[in-house]
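584 is the number of the first residue of the sequence shown in the numbering used here; add one for each residue after it. By construction, the Cβ of each residue, glycine as well, lies at the ideal position given by its N, Cα and C atoms. Quantities reported herein were computed from a predicted structural model and do not represent experimental measurements.
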Amino acid sequence: HKRSITSVGELEKLAYLCSNGDSRVSSLLGIAYEKVGFEGTIHAMESKTHLTSIEVINGVRIDSGHVYRSFINNEKNMSCELIDPYVFISDTKIAGASDIFKIVEFCVKQNRPLLLIAHSFHPEVISLLNVNKDKGILKCCAIHAPAYGSNRTSILKDIELLTGATLHCPEHGFNAGFI
């Protein structure tokens, strides 16, 4: 018998049963869902201390390194934060500036930031992005796609769903329709 959970109270009751009667865990899960809603995502991790805590992240955190330090715009967190960016996702290498020139041009005309996620980037691509960023023409960031193999494709598809972007297929070429 399957039924949907419609309230945090029902979720806490289920969590209580699933956690072998640990009311602390079920309560924390209820608090987490109150913060992110039923459409949000909760990620449980093992604590390295004896403490149990909740961290809420507004937006999306992608665990992958920046291609170059120059994309960091939040020195405190050593991160790049973009508000309402266009997102271009590719599981392949972006081999040259000509591959993304139309995309960069589109983002500049729309006055919106650009996040590029790809397997790898030719140095020419990074140079194009840095020149535009340094001149204040375009806020942008380029990061390597997280993970490897089929796991990478799965994560990229998740990012695609979260952002509304379309995963680039090499046979379609690079164009603004994929952001």
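Annotation: Phe689 to Leu721 spans about 10 angstroms, alpha carbon to alpha carbon. Distance check between Asn713 and each of Pro729, Leu739, Asn734 and Val650 places Val650 closest, using alpha-carbon atoms only. Around the beta carbon of His751, 16 or more other beta carbons lie within 10 angstroms, which makes this residue buried. Out of Ile588, Ala725 and Ala627, the CA that lies nearest to the CA of Glu638 is found in Ala627.
Excluding residues up to 5 positions away in sequence, nothing lies with its Cβ nearer than 7 angstroms to the Cβ of Lys631 in the same chain. Cβ-Cβ separation between Asp674 and Ala728: approximately 6 angstroms, consistent with a contact (criterion under 8 angstroms). Segment contact: the segment 691-711 against the segment 658-678, three or more CB-CB distances shorter than 8 angstroms; contact assigned.
In this structure Ile645 is not in contact with Ile709, their Cβ atoms being roughly 18 angstroms apart against a cut-off of 8 angstroms. For Phe671, the uninterrupted beta strand (DSSP E) run begins and ends at Tyr669 to Ser673, by DSSP. Checking the DSSP bridge columns, you'll see Leu699 partnered with Phe671 and Ala725. Using a Cβ distance threshold of 8 angstroms, Ser590 and Tyr599 do not count as a contacting pair.
Cβ-Cβ distances below 8 angstroms link Ile666 to Pro696 in the same chain, with the five nearest sequence neighbours on each side left out; the list follows chain order. Burial check for Ile742: the Cβ neighbour count within 10 Å reaches 16 or more, so the residue is buried. For Tyr731, there is no enclosing alpha helix (DSSP H), as DSSP marks it with neither H nor E. For the pair Ile625 and Val619, the Cα-to-Cα distance works out to about 8 angstroms.
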